[in-house]
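Okay, structure first, notes after.
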Amino acid sequence: MTDRFHHPDDREARSAARVRALEALLIEKGVITSKTVDTVLNVFETKMGPFNGARIVARAWVDPAFKQRLIEDAPAAIAELTDLPEGMAGAEGEHMRAVANGEGVHNLVICTLCSCYPWPVLGLPPYWYKDPTFRSRAAREPRAVLKEFGLTVPESTEVKVWDSSAQIRWFVIPERPAGTEGMSEGELAALVTPEAMMGVAVAASA
Amino acid sequence: MLTHFEHFALTSMAGAEDSPPRANGTLCFAEEWERSAFGVALALAREGHFEWEDFRRNLIAAIGDWERTQAPDGPSWNYYEQWLSALEATILQSGLATPDELSARLATATATADTRSA
Chain X
133 MTDRFHHPDD REARSAARVR ALEALLIEKG VITSKTVDTV LNVFETKMGP FNGARIVARA
193 WVDPAFKQRL IEDAPAAIAE LTDLPEGMAG AEGEHMRAVA NGEGVHNLVI CTLCSCYPWP
253 VLGLPPYWYK DPTFRSRAAR EPRAVLKEFG LTVPESTEVK VWDSSAQIRW FVIPERPAGT
313 EGMSEGELAA LVTPEAMMGV AVAASA
Chain V
68 MLTHFEHFAL TSMAGAEDSP PRANGTLCFA EEWERSAFGV ALALAREGHF EWEDFRRNLI
128 AAIGDWERTQ APDGPSWNYY EQWLSALEAT ILQSGLATPD ELSARLATAT ATADTRSA
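Protein chains in written order, with our numbering: chain X, 133 to 338; chain V, 68 to 185.
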């Protein structure tokens with residue numbers, strides 16, 4: 133192993149040791165139990181995630197009035213979907229706002245400050261979202277960054293970049309793909325990826 | 068030569084990273100310690116040991132410090148290292164542990180890690 137790669141490995145081991153020490157200390161002091169941590173992780177890994185966002189988008193596709201309400205007041209519109217798990221407005225799910233892609237406009241969500249992300253709806257953020265280079269470049273040259281993601285946006289289409297913060301967390305309603313008439317909401321939801329809801333991709337074609 | 072961002076974009080999109088947990092194709096954590104750090108912060112906030120916004124402020128500060136002292140496209144960026152720093156700061160601020168308790172534990176833990184990696 134070269135020196136170049138040794139350093140990060142060492143850091144990884146130290147970070148892992150720091151977390152273990154922290155967790156052990158808190159458990160010993162009775163602040164948390166390992167079950168508390170598992171329960172929270174389980175919620176984020178199974179109940180909150182991009183599957184929720186996908187269902188919200190699918191509903192917006194089949195119900196234009198719902199889509200309008202979603203854009204005007206996202207938390208209220210999301211609350212209408214009573215079959216979603218509870219806690220959609222919990223940590224990082226509050227203050228959500230939706231923007232819709234459409235004729236001549238493409239939306240891209242970033243967070244230049246600290247990688248704010250609506251976890252309950254979109255799941256845990258992907259690696260690149262938290263990368264400082266992505267955050268600064270996406271603000272400066274969104275078209276070039278989108279191209280690296282494999283998405284070429286026509287010059288005639290405006291690219292709007294939305295910077296999430298503790299006050300507002302944005303998500304994108306992608307355009308409904310052509311040829312999806314007659315598909316069920318469940319089938320439509322399967323076409324919606326987290327990348328599409330962040331605007332670095334479009335919804336999959338049918 | 069790929070930039071750091073392109074590397075992450077490519078590996079996360081192409082799914083080439085080593086077996087991290089995924090949700091609907093999205094890479095969540097690269098290492099188990101990242102998952103633990105995330106879980107501990109969430110669990111503490113959920114149990115009311117501190118306000119989530121206090122943790123957020125510390126996270127913003129940790130990332131800001133890192134960006135002021137490092138090249139933003141350098142290879143040393145790790146989001147969950149900042150997360151961990153913010154978590155330690157928030158635990159101290161909220162009195163869940165004293166600086167002495169924490170530093171004693173960390174000294175032992177990192178010494179063990181150093182021995183292992185040496």
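Note that beta-carbon positions come from the ideal geometry of N, C-alpha and C, so glycine has one too.
Residue i Cβ short of 6 angstroms to the ligand SAH heavy atom set
| i | result |
| --- | --- |
| residue 231 of chain X | Among the components of this structure there are no ligands whatsoever, and the ligand SAH is therefore not found. |
Between the CA atoms of residue j and residue i - distance to the nearest angstrom
| i | j | result |
| --- | --- | --- |
| residue 93 of chain V | residue 256 of chain X | Low local confidence applies: a pLDDT of 44 at residue 93 of chain V is under 50, so the model's placement there is unreliable, and no value is given. |
| residue 90 of chain V | residue 168 of chain V | With a pLDDT of 38 at residue 90 of chain V, under the threshold of 50, the predicted position of this residue should be treated as unreliable, and no value is reported. |
| residue 152 of chain X | residue 97 of chain V | 16 angstroms |
| residue 279 of chain X | residue 184 of chain X | 27 angstroms |
| residue 292 of chain X | residue 206 of chain X | 19 angstroms |
| residue 108 of chain V | residue 121 of chain V | 11 angstroms |
| residue 263 of chain X | residue 134 of chain V | 11 angstroms |
| residue 243 of chain X | residue 146 of chain V | 13 angstroms |
| residue 321 of chain X | residue 266 of chain X | 27 angstroms |
| residue 137 of chain V | residue 162 of chain X | 37 angstroms |
| residue 88 of chain V | residue 99 of chain V | Bear in mind that the predicted position of residue 88 of chain V carries a pLDDT of just 35, short of 50, making it too unreliable to give a figure here. |
| residue 302 of chain X | residue 253 of chain X | 11 angstroms |
| residue 288 of chain X | residue 275 of chain X | 12 angstroms |
| residue 128 of chain V | residue 245 of chain X | 9 angstroms |
| residue 145 of chain X | residue 268 of chain X | 29 angstroms |
| residue 153 of chain V | residue 123 of chain V | 8 angstroms |
| residue 165 of chain X | residue 306 of chain X | 41 angstroms |
| residue 197 of chain X | residue 226 of chain X | 22 angstroms |
| residue 167 of chain X | residue 200 of chain X | 41 angstroms |
| residue 178 of chain V | residue 215 of chain X | 50 angstroms |
| residue 213 of chain X | residue 230 of chain X | 15 angstroms |
| residue 319 of chain X | residue 157 of chain X | 47 angstroms |
| residue 315 of chain X | residue 237 of chain X | 25 angstroms |
| residue 295 of chain X | residue 258 of chain X | 16 angstroms |
CB contact flag (residue i, residue j, <7 angstroms)
| i | j | result |
| --- | --- | --- |
| residue 338 of chain X | residue 309 of chain X | yes |
| residue 175 of chain X | residue 106 of chain V | no |
| residue 327 of chain X | residue 190 of chain X | no |
| residue 113 of chain V | residue 304 of chain X | no |
| residue 150 of chain V | residue 104 of chain V | yes |
| residue 116 of chain V | residue 163 of chain V | yes |
| residue 331 of chain X | residue 240 of chain X | yes |
| residue 271 of chain X | residue 277 of chain X | no |
Spatially closest choice to residue i from the options, by CA coordinates
| i | options | result |
| --- | --- | --- |
| residue 210 of chain X | X/232, X/290, X/335, X/187 | X/187 |
| residue 154 of chain X | V/172, V/153, V/166 | V/172 |
| residue 300 of chain X | X/228, X/289, X/236 | X/228 |
| residue 217 of chain X | X/295, X/302, X/254, X/179 | X/179 |
| residue 176 of chain V | X/242, X/149, X/270 | X/149 |
| residue 130 of chain V | X/324, X/272, X/248 | X/248 |
| residue 126 of chain V | V/161, V/164, V/156, V/166 | V/156 |
| residue 298 of chain X | V/152, V/119, V/136 | V/119 |
| residue 235 of chain X | X/285, X/165, X/266 | X/285 |
| residue 313 of chain X | X/142, X/194, X/265, X/162 | X/194 |
| residue 148 of chain V | X/251, X/143, X/311 | X/143 |
| residue 177 of chain X | X/215, X/251, X/167, X/199 | X/251 |
| residue 204 of chain X | X/319, X/232, X/323 | X/232 |
| residue 290 of chain X | X/281, X/282, X/296, X/273 | X/273 |
| residue 174 of chain V | X/335, X/282, X/147 | X/147 |
| residue 161 of chain V | V/132, V/170, V/111 | V/111 |
Residue-chain proximity (residue i, chain V), Cβ-Cβ < 7 angstroms
| i | result |
| --- | --- |
| residue 153 of chain X | yes |
| residue 309 of chain X | no |
| residue 284 of chain X | no |
| residue 146 of chain X | yes |
| residue 264 of chain X | yes |
| residue 241 of chain X | no |
| residue 157 of chain X | yes |
| residue 245 of chain X | yes |
| residue 253 of chain X | no |
| residue 210 of chain X | no |
| residue 173 of chain X | yes |
| residue 150 of chain X | yes |
| residue 169 of chain X | yes |
| residue 298 of chain X | yes |
CB contact check: residue i to chain X, cutoff 7 angstroms
| i | result |
| --- | --- |
| residue 103 of chain V | yes |
| residue 115 of chain V | no |
| residue 162 of chain V | no |
| residue 110 of chain V | yes |
| residue 172 of chain V | yes |
| residue 123 of chain V | yes |
| residue 157 of chain V | no |
| residue 118 of chain V | no |
Residues bridged to residue i (per DSSP)
| i | result |
| --- | --- |
| residue 210 of chain X | Bridge partners of residue 210 of chain X: none, in fact. |
| residue 238 of chain X | X/291 |
| residue 305 of chain X | X/232 |
Residue-level contact to chain B via CB, residue i, 7 angstroms cutoff
| i | result |
| --- | --- |
| residue 177 of chain V | Among the protein chains in the structure shown, which are X and V, there is no chain B. |
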